[in-house]
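A.B. asks:
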């Protein structure tokens with residue numbers, strides 16, 4: 003099994019693919035209980051089929067298809083940006099065991115910001131959360147992307 | 003254009019299809035600005051590909067594909083049950099203009115219960131909300147389903 007930073011580098015590589023496609027650069031990787039990468043994805047909300055195509059949702063969908071089961075017990079998710087409320091609630095619904103994210107998202111995050119979904123009374127599955135893994139690199143991809151947009 | 007109850011009856015018909023497939027009976031219909039139904043869907047979270055396959059997410063995805071655009075400005079959503087946090091955040095992300103729901107969901111809802119997502123500080127699009135349309139019929143399908151499960 004590799005360590006958190008190594009998996010996050012793979013998530014970052016996915017975020018860079020998003021930037022190359024003019025999409026908000028967020029990348030995500032899901033590993034199974036053996037530490038094997040079972041899915042990787044990046045955000046395609048703008049130019050994809052719909053605005054809900056966040057990296058986390060896409061990676062969870064692909065992982066569930068690969069495992070042939072509706073939930074992802076024992077799986078861990080690495081994502082470059084703090085998940086939003088949609089993704090956080092999806093993570094709880096899918097029973098992801100642990101979530102590791104890089105950069106904090108003060109405006110749109112829902113884990114340590116916003117509605118802090120996992121701490122809310124109606125959340126019925128609270129994953130273990132690790133924040134700030136390679137946060138500078140994760141954040142820089144985003145700030146560079148938005149700087150170039152201006 | 004038909005009225006709220008007529009569209010909700012179509013959402014209820016979808017919820018019944020979910021029950022017939024042994025899925026939690028929630029149904030959803032999306033109409034465009036002309037009042038034409040552009041998508042209808044029901045929950046397939048248990049026996050479908052993944053637990054995130056809620057009626058609302060499926061209907062929004064289908065509507066976006068049909069319209070060929072990532073967001074659903076000017077569209078309205080009819081759903082038999084109060085949306086959860088995942089769906090509420092998805093609704094905001096997709097810029098749905100108005101959400102009409104039937105039964106209230108005290109345990110898992112996120113509109114008038116739980117995190118009340120649309121009223122939260124990080125929500126950047128607040129749809130018009132109408133609650134309680136045909137709420138008894140919408141709720142009865144669910145209570146009958148869970149009674150038969152016991």
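Protein chains in written order, with this note's numbering: chain A, 3 to 152; chain B, 3 to 152.
Backbone N, C-alpha and C define an ideal beta-carbon position, used for all residues, glycine too.
Keep in mind that this is a model prediction, so the values were computed, not measured.
Distance, Cα to Cα, residue 84 of chain A vs residue 73 of chain A?
C.D. replies: Cα to Cα, the separation comes out at about 21 Å.
A.B. asks: For residue 21 of chain B, tell me which candidate among B:147, B:151, B:152 has the shortest Cα-Cα distance.
C.D. replies: B:147
A.B. asks: Between residue 48 of chain A and chain B, is the shortest Cβ-Cβ distance under 8 Å, so that the two count as touching?
C.D. replies: Yes - at least one Cβ of chain B is within 8 Å of the one on residue 48 of chain A.
A.B. asks: Counting C-beta neighbours from all protein chains within 10 Å, is the total for residue 151 of chain B 16 or more, i.e. buried, or is it exposed?
C.D. replies: exposed
A.B. asks: Along the beta strand (DSSP E) that carries residue 83 of chain B, what are the first and last residues, could you check?
C.D. replies: 78 to 83
A.B. asks: Which of the three DSSP states is assigned to residue 168 of chain A in this structure?
C.D. replies: Residue numbering for chain A in the displayed model covers 3 to 152; residue 168 of chain A lies beyond these limits and cannot be assessed.
A.B. asks: Taking beta-carbon pairs under 9 Å, can you tell me which members of the stretch 116 to 131 of chain B lie near chain A?
C.D. replies: 116, 117, 118, 119, 122, 123, 124, 125, 126
A.B. asks: Does any residue of chain A have a CB that is nearer than 8 Å to the CB of residue 62 of chain B?
C.D. replies: yes
A.B. asks: What span of residues does the beta strand (DSSP E) with residue 40 of chain A cover, start to end?
C.D. replies: 39 to 44
A.B. asks: So residue 27 of chain B contacts chain A; which residues on that side make the cut at Cβ distance below 9 Å?
C.D. replies: Under the 9 Å cutoff, chain A gives no residues; its nearest Cβ is about 17 Å from residue 27 of chain B.
A.B. asks: Hey, could you find the ends of the beta strand (DSSP E) residue 130 of chain B is sitting in?
C.D. replies: 130 to 133
A.B. asks: DSSP three-state label for residue 114 of chain A, please.
C.D. replies: Looking at residue 114 of chain A - three-state DSSP - the assignment turns out to be coil, as it is neither helix nor strand.
A.B. asks: With a threshold of 8 Å on Cβ separation, who are the neighbours of residue 119 of chain A within its own chain once the five nearest residues in sequence on each side are excluded?
C.D. replies: 87, 90, 91, 94, 112, 113, 125
A.B. asks: Tell me whether residue 89 of chain A sits in a helix, a strand or coil according to DSSP, three-state version.
C.D. replies: helix
A.B. asks: From the DSSP output, read off the bridge partner residues of residue 32 of chain B.
C.D. replies: B:41, B:79
A.B. asks: Under a CB-based cut-off of 8 Å, is residue 10 of chain B close to chain A?
C.D. replies: no
A.B. asks: Would you mind telling me which residues of chain B sit closer than 9 Å to residue 86 of chain A, beta carbon to beta carbon, in chain order?
C.D. replies: 91, 95, 124
A.B. asks: With 16 as the cutoff for other CB atoms within 10 Å, does residue 35 of chain B come out buried or exposed?
C.D. replies: exposed
A.B. asks: Verify the CB distance criterion: does residue 59 of chain A have a CB-CB separation below 8 Å to chain B?
C.D. replies: Cβ-Cβ to chain B under 8 Å: yes for residue 59 of chain A.
A.B. asks: Residues in the stretch 66 to 82 of chain A with C-beta within 7 Å of chain B's C-beta atoms, listed in sequence order?
C.D. replies: 66, 67, 72, 73
A.B. asks: Between residue 61 of chain B and residue 79 of chain B, is the Cβ-Cβ spacing less than 8 Å?
C.D. replies: yes
A.B. asks: Could you tell me the distance, in whole angstroms, from the CA atom of residue 117 of chain A to the CA atom of residue 108 of chain A?
C.D. replies: 11 Å
A.B. asks: Taking the C-alpha atoms as reference points, what is the distance between residue 16 of chain A and residue 99 of chain A?
C.D. replies: Straight through space, the alpha carbons of residue 99 of chain A and residue 16 of chain A are spaced by roughly 22 Å.
A.B. asks: Residue 109 of chain B versus chain A: which residues are under 9 Å apart at the beta carbon?
C.D. replies: 124, 126
A.B. asks: DSSP three-state label for residue 105 of chain B, please.
C.D. replies: strand
A.B. asks: Taking Cβ positions only, does residue 51 of chain B come closer than 8 Å to chain A?
C.D. replies: yes
A.B. asks: To the nearest angstrom, how far is the alpha carbon of residue 144 of chain B from that of residue 82 of chain B?
C.D. replies: 10 Å
A.B. asks: Is there at least one Cβ from chain A nearer than 8 Å to residue 20 of chain B's Cβ?
C.D. replies: no
A.B. asks: Nearest to residue 103 of chain A by alpha carbon, out of A:10, A:40, A:128?
C.D. replies: A:10
A.B. asks: Going by beta-carbon coordinates alone, are residue 44 of chain B and residue 58 of chain B separated by less than 8 Å?
C.D. replies: no
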